[in-house]
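5 is the number of the first residue of the sequence shown in this note's numbering; add one for each residue after it.
Notes follow once the structure below has been shown.
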Amino acid sequence: MKRWVSLVLALEILGIVLFSIIYDSLDFHIYWLGGHAVTDDARLYEEQLADHWFTNTPFMAALFTPLSALPLRPARMLWQLASLAAFAWACRTTLKLTGRRASPAAVVAAGLLLEPIWHSFFLGQVNLFLLALVLADMHRVALGRPAGIGIGIATAIKLTPAVFVVLLLVTRRTRDAFTATATFAVCTLLACFIAPDASRLYWLRTFYDTSRVGVPYISNQSPYGALTRILRGTGEVGDWYTAIPLTIGVFGLTVAALWARRGDWLSATAVTGATGLLVSPISWAHHWAWIVPALAVLIRNNNRKTALAGYILFALSPLWWTPHNGHPLEYGFHILLTPVANCYLLAGVFFLVHMAVRLRNTPYVLTSGRGGRLRPADGAGASRAVRDPERIGDG
Numbered sequence: 005m006k007r008w009v010s011l012v013l014a015l016e017i018l019g020i021v022l023f024s025i026i027y028d029s030l031d032f033h034i035y036w037l038g039g040h041a042v043t044d045d046a047r048l049y050e051e052q053l054a055d056h057w058f059t060n061t062p063f064m065a066a067l068f069t070p071l072s073a074l075p076l077r078p079a080r081m082l083w084q085l086a087s088l089a090a091f092a093w094a095c096r097t098t099l100k101l102t103g104r105r106a107s108p109a110a111v112v113a114a115g116l117l118l119e120p121i122w123h124s125f126f127l128g129q130v131n132l133f134l135l136a137l138v139l140a141d142m143h144r145v146a147l148g149r150p151a152g153i154g155i156g157i158a159t160a161i162k163l164t165p166a167v168f169v170v171l172l173l174v175t176r177r178t179r180d181a182f183t184a185t186a187t188f189a190v191c192t193l194l195a196c197f198i199a200p201d202a203s204r205l206y207w208l209r210t211f212y213d214t215s216r217v218g219v220p221y222i223s224n225q226s227p228y229g230a231l232t233r234i235l236r237g238t239g240e241v242g243d244w245y246t247a248i249p250l251t252i253g254v255f256g257l258t259v260a261a262l263w264a265r266r267g268d269w270l271s272a273t274a275v276t277g278a279t280g281l282l283v284s285p286i287s288w289a290h291h292w293a294w295i296v297p298a299l300a301v302l303i304r305n306n307n308r309k310t311a312l313a314g315y316i317l318f319a320l321s322p323l324w325w326t327p328h329n330g331h332p333l334e335y336g337f338h339i340l341l342t343p344v345a346n347c348y349l350l351a352g353v354f355f356l357v358h359m360a361v362r363l364r365n366t367p368y369v370l371t372s373g374r375g376g377r378l379r380p381a382d383g384a385g386a387s388r389a390v391r392d393p394e395r396i397g398d399g
């Protein structure tokens with residue numbers, strides 16, 4: 005079995021290397037051009053790069069300044085290999101948070117077959133770095149250690165990880181929340197020093213301007229994207245929509261906080277990641293890399309059938325099988341097509357509800373043991389029936 009896992013992983017790595025040599029990944033190309041444009045300040049957001057707008061933060065562009073000094077192909081290869089290392093680190097950290105023993109190579113090999121993961125490589129996206137940064141911090145939180153720097157850097161790169169700062173606040177990890185906020189501020193101020201005009205333009209106008217991206221595109225698996233397709237345009241989605249992400253945000257973070265109170269930081273992290281995807285107006289298919297900790301939670305909890313269904317869904321990604329790219333059937337409500345076209349969104353909602361219901365069956369409190377292994381807490385209503393950390397979450 006180990007030989008097969010090693011062979012599959014070796015073939016996947018070889019595929020990533022060859023792909024990075026041959027294919028000009030669009031998003032990485034834009035990042036690379038952004039590293040050039042940020043030195044020209046406001047041009048970063050005033051002109052399209054590779055026929056697309058640069059929509060990330062000025063800090064993200066500043067980070068690409070060293071890579072932009074390299075030719076495109078070597079820079080792309082370096083980026084893709086670094087993304088692979090970040091994903092391997094994220095998988096290893098997730099395993100530590102489960103408290104279970106498993107082959108990291110097998111987890112990485114299986115994870116690379118998931119559409120949000122290989123799609124991130126296909127586009128040369130930054131998602132896997134964000135996943136690794138946030139998970140590293142959440143593992144430190146689970147161990148009771150100071151945290152926040154990883155979340156702060158991730159938020160400075162792409163604003164959506166800010167939902168984890170809120171999690172830290174509601175779980176009374178105030179010092180960690182302050183560290184994350186301060187780190188974000190330092191990174192943002194550094195970008196302001198490098199590109200003051202671009203930073204002013206971004207924070208005053210660009211960061212909330214969804215017209216620069218194709219909101220109705222099938223890859224946008226947020227509630228806003230789904231409603232835009234169903235109602236046939238962003239103009240049909242009124243101010244009432246604000247109530248939807250607010251409701252989801254309060255519900256999701258409440259569920260996450262309750263899991264954190266039980267000491268189960270893996271569940272809290274997975275729920276918060278899913279919540280962030282559902283409250284954001286833009287959640288591209290490749291943003292759903294948070295499926296990795298979500299599947300880890302389900303497998304650890306012995307919800308194997310649900311985990312298998314989730315894995316198959318995110319491996320096959322049937323949303324791409326439905327009419328898209330402007331096809332008339334992409335818009336409006338169709339009783340068979342619409343659920344499939346928004347399958348990631350529905351899976352995210354299901355996961356939040358599932359984790360909320362499961363709270364009723366997890367009355368005992370968990371704390372973090374050495375190495376990230378979970379064990380029953382001393383006192384605080386811990387269940388005496390649960391002695392083996394390998395069994396925590398079973399049922």
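The C-beta atom is built at its ideal place from N, Cα and C for all residues, glycine as well.
Closest in alpha carbon position to LEU231, among ILE286, ARG216 and TRP269, is ILE286. In this structure THR178 is exposed. Its beta-carbon is surrounded by fewer than 16 other beta-carbon atoms within 10 angstroms. In the DSSP assignment, GLN84 falls within the unbroken alpha helix (DSSP H) covering 76-102.
Put simply, the stretch 48-59 does not touch the stretch 70-89. Fewer than three CB pairs are less than 8 Å apart. Three or more Cβ pairs drawn from the stretch 262-277 and the stretch 349-360 lie within less than 8 Å of each other, which places the two stretches in contact. Under the rule that a run must span 4 or more residues, the alpha helix (DSSP H) segments found entirely inside the stretch 163-224 read 167-174, 178-198 and 200-208. For VAL111, the enclosing alpha helix (DSSP H) starts and ends at 108-115. Taking a cut-off of 8 Å for Cβ pairs, the stretch 189-207 and the stretch 38-47 touch, as three or more such pairs fall below it. Judged by beta-carbon spacing, TRP263 lies within the 8 Å limit of VAL275, meaning their Cβ atoms are closer than that value. Spatial neighbours of HIS290 in its own chain (CB-CB distance under 7 Å, excluding positions within 5 residues in sequence) are listed in chain order as PRO120, HIS123, SER124, LEU127, GLN129 and ASN131.
Under a 10 Å Cβ-count criterion, ILE161 is classified as buried, with 16 or more other Cβ atoms of the shown protein chains found around its own Cβ. A distance of 8 Å or more separates the beta carbons of LEU193 and ALA181. Within the stretch 219-262, the complete alpha helix (DSSP H) segments of 4 residues or longer fall at 227-234, listed in chain order.
Annotation for PRO220: THR232 and ARG233 place their beta carbon closer than 6 Å to its own, counting only its chain and skipping 5 residues before and after. The Cβ atoms of THR164 and PHE188 lie no closer than 8 Å to each other. If you look at THR310, you'll find it in the alpha helix (DSSP H) that goes 308-320. Secondary structure of HIS56 (DSSP, three-state): strand.
Here DSSP, grouped into helix, strand and coil, assigns VAL353 to helix. Straight-line measurement puts the Cα of LYS6 at about 43 Å from the Cα of TYR228. With a beta-carbon spacing of about 18 Å, VAL353 and THR326 fall beyond the 8 Å limit used to define contacts.
Within the same chain, Cβ atoms closer than 6 Å to the Cβ of PHE133 are found at ALA90, the five residues on either side in sequence being excluded. Residue state for TRP36 is assigned as helix, using DSSP reduced to three classes. Residues ASP141, THR183, ALA184 and THR187 of the same chain have their beta carbon placed closer than 8 Å to that of ILE153, with the five preceding and five following residues left out of the count.
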